[in-house]
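What follows is one structure encoded as structure tokens, with my remarks underneath.
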Amino acid sequence: MRIGKVRIYFYGVVALLIIVLVAVVWVYFALSGKDEDKVKLYEAKIADVKSCVELVSVDFYADVIINDTIGTKHLVARQLQTGSVSFDVEKLQTEERGDTLIVILPKERVIVRESTDKDAYQVIDTWNDQLFGSNNLTASEENIIKERVRAEGERRLRERGTIERARREAAENLRTLLEQTQKRPVEVIVGGNPYLIRD
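Under the working numbering, the first residue of the sequence shown carries the number 2, and numbering increases by one thereafter.
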């Protein structure tokens, strides 16, 4: 599979999180008092961050050549794939270690699917090893092959570092936004891996 144009978008993060965090900072200064109150207020801020449904890090587009076999039938086809690597902020968790805020993002969600563009799936050739067998694949057989291609696409994304890059970008965006409002160190953990990225 050739991963074609990989385009990185950081939508949702800048627009939604900044609006939420600016509003929360106003509340923070309006209600700040004792240190213990600040801790309680900070927990409320994280709840507000969770209200942003998704933090999408990477969208991708790929032009894939399929060369697969099912039973005695063979298929050569071309498929345009689209997808994304995203993180469900609803499942975000936080904890405090000294003066550092630890933000734990859940494991990424990887979506690989056939594009909805016209001619996104084109059969190039089919044949059957049986002399009088049909060359035509049933819908069920074709779906089995497409699922294999989807799984292979996800595996290649991991191999080529696209998912690791998505983790780093998500961690950096979230860390930057929270540190600007909190004025204290933030460590972001994604899928069990800590990201201590600094400028």
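We put the CB at the ideal spot given by N, CA and C, even for glycine.
Report whether the distance from the Cβ of R169 to the nearest heavy atom of the ligand GDP is below 7 angstroms. Judged by which ligands are present, the structure shown has none, so any question about the ligand GDP falls away.
If we count the other Cβ atoms within 10 Å of its Cβ and call it buried at 16 or more, is R185 buried or exposed? Exposed, by the Cβ-count rule.
Given R169 as reference, the closest of D126, I125, L106 once Cα atoms are compared: The residue with the shortest Cα to Cα distance from R169 is L106.
Rounding to the nearest angstrom, what Cα-Cα distance links Q94 and Q123 in this structure? The straight-line gap separating the alpha-carbon atoms of Q94 and Q123 is approximately 44 angstroms.
Quick one: complete alpha helix (DSSP H) runs, 4+ long, within the stretch 85-160? The DSSP assignment places 140-160 as complete runs of the alpha helix (DSSP H) inside the stretch 85-160, in order along the chain (cut-off: 4 residues).
Within 10 angstroms of its Cβ, does T163 collect 16 or more other Cβ (buried), or is it exposed? Buried, by the Cβ-count rule.
Range covered by the alpha helix (DSSP H) that runs through R176: R176 -> alpha helix (DSSP H) spans 163-183.
Quick one: using the 10 Å Cβ neighbour count with 16 as the cut-off for buried, is G84 buried or exposed? Label assigned to G84: buried.
Tell me, to the nearest whole angstrom, how far the beta carbon of V113 is from that of R151; I am working on the premise that it is less than 8 angstroms. Going by Cβ atoms, the distance from V113 to R151 rounds to 5 angstroms, so yes, they are a contact pair.
Neighbourhood of Q80 by C-beta distance below 7 angstroms, restricted to the same chain and skipping five residues each side: Cβ neighbours of Q80 beyond the five flanking positions: V65, I67, E115, A121, Y122, V150.
Could you tell me which of Q82, V187, N136 sits nearest to K119, measuring between CA atoms? Comparing C-alpha distances from K119 to each of Q82, V187, N136 shows the shortest one belongs to Q82.
On the DSSP bridge assignment, give the partners of T83 in chain order. Beta-bridge pairing links T83 to Y62, R114.
Tell me, which residues are paired with T70 by DSSP? DSSP lists H75 as partners of T70.
Cα-Cα, which of A167, V187, E180 is closest to K108? Residue A167 is the option with its Cα nearest to K108.
Does the Cβ-Cβ distance between N129 and K74 come in under 8 angstroms? Judged by beta-carbon spacing, K74 lies within the 8 angstroms limit of N129, meaning their Cβ atoms are closer than that value.
Short Cβ contact (8 angstroms threshold) for V104 with V86: The answer is no: Cβ separation not under 8 angstroms.
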